[in-house]
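> Take a look at this one; I'll ask things after.
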Amino acid sequence: MIVLYMIGAFVLGSIPFGLIVAKVKGIDIRKSGSGNIGATNVLRSVGKLAAVFTLAGDMSKGVLAIIIARHLSLGETAVGLIGIFAILGHDFSLFSRFKGGKGVATSLGVLLVYSPVIGILTAAIWIIALSIWKYSSLSAIIAFCFLPLNVYWFDYAQNKLVYGLIIMLLIVYKHRGNIERLINGTEAGVRKK
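Okay, so the sequence shown: first residue is 4 according to the working numbering, each after it adds one.
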């Protein structure tokens with residue numbers, strides 16, 4: 004039964020809100036800006052309101068996955084696994100030829116319900132880093148690299164630590180192109196349209 008829930012979470016995570024929101028405005032987000040379907044590229048390519056809808060939609064996938072899993076009275080280990088599959092769905096969307104977003108918003112959505120203290124800490128680090136360096140990618144990498152440490156310090160459980168490590172690795176993997184551009188000095192900062 005848990006396998007069915009994992010598949011369901013993957014499908015839920017696969018809903019490409021950025022692609023849908025941009026299409027309403029007549030823009031194929033995959034062919035605009037960085038080509039990413041996440042909120043940052045939507046902000047650059049479509050505008051602030053579209054980015055807000057994208058961010059809310061992507062976060063809601065993580066939130067709903069955890070709420071539904073808890074409603075089904077699954078154990079905390081299974082609940083966390085469901086969250087991971089929602090993130091994987093976003094990262095490798097079924098509806099976008101397995102090319103999804105970077106997973107930041109969906110991961111935050113998962114964390115805010117699965118471990119609220121850790122979710123708030125991660126969001127706070129992201130906001131602080133963004134205010135200092137003005138790079139969404141760098142801010143996400145910094146925030147999520149702190150994730151396993153924050154879990155260890157503030158909400159330790161072995162399964163949560165493992166999931167924290169998995170989420171961190173997914174974020175770093177999905178940002179590997181950004182890391183290269185940051186090193187080369189060619190990464191685009193956050194710009195409002």
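Glycine included, every Cβ here is placed at the ideal spot set by N, Cα and C.
Please read all numbers here as calculations on a predicted model, not as lab measurements.
1) Using the C-alpha atoms, what's the distance from PRO119 back to ARG73?
2) Taking the C-alpha atoms as reference points, what is the distance between LEU58 and MET4?
3) Judging by CA-CA distance, which residue of ASN181, LYS177, ALA108, ILE23 is the nearest neighbour of LYS102?
4) SER134 lies in the alpha helix (DSSP H); which residues open and close that run?
5) Taking 6 Å as the limit between beta carbons, can you name the residues of its chain near SER35, skipping five residues before and five after?
6) In whole angstroms, give me the CA-to-CA distance for SER96 and THR189.
7) By the 10 Å Cβ neighbour count, where 16 or more other Cβ atoms means buried, how is VAL113 classified, buried or exposed?
8) Given a threshold of 16 other Cβ atoms within 10 Å of its Cβ, counted over all protein chains shown, does SER134 qualify as buried or as exposed?
9) So for TYR159, helix, strand or coil by DSSP?
Based on what the coordinates show:
1) Locating residue 73 in the sequence shown gives position 70, where the first residue counts as 1. Locating residue 119 in the sequence shown gives position 116, where the first residue counts as 1. Going from the Cα of ARG73 to the Cα of PRO119 covers about 14 Å.
2) One-based indexing of the sequence shown puts residue 58 at position 55. One-based indexing of the sequence shown puts residue 4 at position 1. Rounded to the nearest angstrom, the two C-alpha atoms are 31 Å apart.
3) Counted from its first residue, the sequence shown places residue 102 at position 99. If we check each option's Cα against that of LYS102, LYS177 comes out closest.
4) For this step, residue 134 is matched to residue 131 along the sequence shown. Here the alpha helix (DSSP H) through SER134 covers 119–136.
5) Residue 35 sits at position 32 when you count from the first residue of the sequence shown. Answer for SER35: SER48, listed in chain order.
6) Reading the sequence shown from its first residue, position 93 is the one you call residue 96. Reading the sequence shown from its first residue, position 186 is the one you call residue 189. Roughly 27 Å separates the two Cα atoms.
7) Reading the sequence shown from its first residue, position 110 is the one you call residue 113. Buried.
8) Mapped onto the sequence shown, residue 134 falls at position 131. It counts as exposed.
9) Here the question's residue 159 lines up with position 156 in the sequence shown. Residue state, collapsed to three classes: coil.
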